[in-house]
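Enquirer:
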């Protein structure tokens with residue numbers, strides 16, 4: 062007897078997609094991530110765009126992740142033209158990226174994932190907020206802190222206008238950084254107040270298989286989101302220019318988004334992957350909280366991604382405070398940006414977006430107009446792993462009804478925190 066369970070629309074995720082599970086005589090015949098979000102064609106219409114305009118166009122791929130798209134596009138262009146940025150620019154970018162991470166992780170943890178993982182379960186954050194008002198209030202306030210960082214450093218909460226190739230258009234006043242320091246210190250204390258809630262999350266235990274985790278090796282020896290090398294949990298290390306050896310994109314007939322495979326198999330990127338690879342590099346408070354939460358890598362189940370995001374949230378707050386201290390110590394409000402001399406060539410860069418490793422690569426003619434564009438997003442890289450985990454869920458629970466398969470397929474996908482619009 063055959064059965065088909067269809068999740069027509071995934072709720073509480075960014076973008077539009079579904080899941081189809083086909084069973085034959087009780088066995089899983091097929092699992093498909095049905096990504097029917099409209100095609101975006103960014104890689105096509107970026108061709109012939111002038112180099113200086115690419116980051117502003119590319120960041121329109123997304124609103125939640127617009128900051129990292131903007132920064133990594135700038136880094137790829139700088140790589141192509143041989144532009145070297147200052148230490149202050151590196152610190153400002155670091156702070157700006159943390160702002161996006163804080164905003165995105167708070168959004169996913171407290172508004173999207175939490176209703177699935179507390180008892181009793183809730184259908185929405187509206188229901189959850191009625192029963193857990195402090196958690197909802199604190200979560201929204203931390204998210205607002207991340208938005209403020211992006212606004213005050215990048216010029217807007219989404220689609221930044223103060224970033225540019227080689228640096229920033231205007232360096233914020235010292236008072237701005239002092240204000241952000243106060244906001245971050247308050248957010249750190251608020252986050253600590255939610256440790257008992259995160260510790261008591263009820264995470265399904267049926268995903269026990271081991272997989273491959275991939276992420277950028279952080280520069281500077283501390284936990285972070287920028288780097289020039291790609292690390293895999295099998296011990297391999299690749300230069301970021303070799304990203305296609307890792308991602309190996311391919312198309313499937315049922316999805317508008319491409320899929321990826323590492324050595325022919327699904328792999329995972331994102332907070333869980335980063336902590337499995339580099340959790341020993343966490344800052345002090347985040348490392349302490351990881352121990353309190355019992356998070357001890359390697360952790361295989363994607364349901365622990367929400368816990369990993371909470372740990373990263375704390376780490377981003379800590380590192381933002383550290384970056385601000387360095388900025389204030391060597392503050393240069395009138396620092397010029399380096400001269401950019403366009404030339405024919407190709408450049409690539411990677412960055413750790415909230416949802417995982419994001420790659421941008423661009424080719425240019427001698428006038429600095431784009432001749433090719435390649436953008437590989439975290440969600441595309443995770444789609445095959447989502448299908449694998451949904452299959453494992455059904456196989457581990459042969460007694461599940463259609464309604465239970467439907468529900469658990471949704472919470473598995475939500476645990477990955479997909480951004481389908483990016484994909």
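Residue numbers (this note's numbering): 62 to 484.
Glycine is no exception: its CB is placed at the ideal position from the N, C-alpha and C atoms.
#1: So for residue 320, helix, strand or coil by DSSP?
#2: Please determine if the stretch 246-266 and the stretch 190-201 are in contact, where contact requires at least 3 C-beta pairs separated by less than 8 Å.
#3: Is residue 244 buried or exposed, if buried means 16 or more other CB atoms sit within 10 Å of its CB?
#4: Three-state secondary structure (DSSP) at residue 197?
#5: Would you check if the distance between the CB atom of residue 103 and the CB atom of residue 409 is smaller than 9 Å?
#6: Looking at residue 373: is its Cβ nearer than 9 Å to the Cβ of residue 162?
#7: Looking only at C-alpha atoms, which of 452, 335 and 436 sits nearest to residue 121?
#8: Bridge partners for residue 410 per DSSP, in chain order?
#9: Which whole-angstrom value is the C-beta distance of residue 219 and residue 167, which I expect to be below 8 Å?
#10: Rounded to the nearest angstrom, what separates residue 342 and residue 302 at their Cα positions?
#11: Across the stretch 333-353 and the stretch 376-384, are there enough close Cβ pairs to call them in contact, namely three or more that are closer than 8 Å?
#12: Only counting the same chain, and skipping five residues up and downstream in sequence, which positions put a Cβ closer than 6 Å to that of residue 213?
#13: Of all the alpha helix (DSSP H) runs that stay within the bounds of the stretch 87-160, which reach a length of 4 or more residues?
#14: At which residue ranges does the stretch 281-360 contain complete beta strand (DSSP E) runs of 3 or more residues, listed in the order of the chain?
#15: So, at 7 Å on beta carbons, what are the nonlocal neighbours of residue 445 in its own chain, with the 5 sequence-adjacent residues on each side left out?
#16: By how many angstroms is the C-alpha of residue 76 removed from the C-alpha of residue 130?
#17: By how many angstroms is the C-alpha of residue 338 removed from the C-alpha of residue 315?
#18: Do residue 144 and residue 154 have their beta-carbon atoms positioned less than 9 Å apart in this structure?
#19: Let me check understanding here. Comparing Cα to Cα, which of 230, 66 and 468 lies closest to residue 394?
#20: Grab me the residues of residue 456's own chain with a C-beta within less than 7 Å of its C-beta, minus the 5 sequence neighbours each way, in chain order.
#21: Anyone know if the C-beta pair for residue 371 and residue 259 falls short of 9 Å?
#22: Hey, which unbroken runs of the alpha helix (DSSP H) at 4 residues or more fall wholly within the stretch 423-458?
#23: Please look up how many angstroms separate the CB atoms of residue 91 and residue 62, rounded, as I've assumed it's under 8 Å.
#24: Please report the residue range of the beta strand (DSSP E) in which residue 68 lies.
#25: Give a yes or no on whether the C-beta atoms belonging to residue 107 and residue 420 are separated by under 9 Å.
#26: Considering just the uninterrupted stretch of the alpha helix (DSSP H) at residue 237, what are its terminal residues?
#27: Given a threshold of 16 other Cβ atoms within 10 Å of its Cβ, counted over all protein chains shown, does residue 262 qualify as buried or as exposed?
#28: Over what stretch of residues does the alpha helix (DSSP H) that includes residue 367 continue unbroken?
#29: Is it buried or exposed for residue 184, if we count other Cβ within 10 angstroms and need 16 for buried?
#30: State the start and end residues of the unbroken beta strand (DSSP E) segment that holds residue 275.
#31: Put residue 480 into one of helix, strand or coil per three-state DSSP.
#32: Could you please give me the residues that DSSP links to residue 225 through a beta bridge?
#33: Going by the beta-carbon positions, is the gap between residue 367 and residue 125 smaller than 9 Å?
#34: What separation, rounded to the nearest whole angstrom, lies between the Cα atoms of residue 173 and residue 404?
#35: Between residue 298 and residue 190, what straight-line distance do the alpha-carbon atoms span, to the nearest angstrom?
#36: Excluding the five sequence neighbours on either side, which residues of its own chain have a C-beta within less than 7 Å of the C-beta of residue 414, listed in chain order?
Expert: Concretely, from the data shown:
#1: strand
#2: yes
#3: buried
#4: helix
#5: no
#6: yes
#7: 436
#8: 421
#9: About 15 Å separates the two Cβ atoms, so there is no contact after all.
#10: 24 Å
#11: yes
#12: 233 and 237
#13: 103-106, 115-119 and 127-142
#14: 290-293 and 298-300
#15: 320, 321, 322 and 327
#16: 17 Å
#17: 32 Å
#18: no
#19: 230
#20: 89
#21: yes
#22: 439-457
#23: Their Cβ separation, rounded to whole angstroms, is 15 Å, which puts residue 91 and residue 62 out of contact at 8 Å.
#24: 63-68
#25: no
#26: 235-254
#27: buried
#28: 366-390
#29: exposed
#30: 273-278
#31: strand
#32: 228
#33: no
#34: 45 Å
#35: 44 Å
#36: 126, 129 and 439
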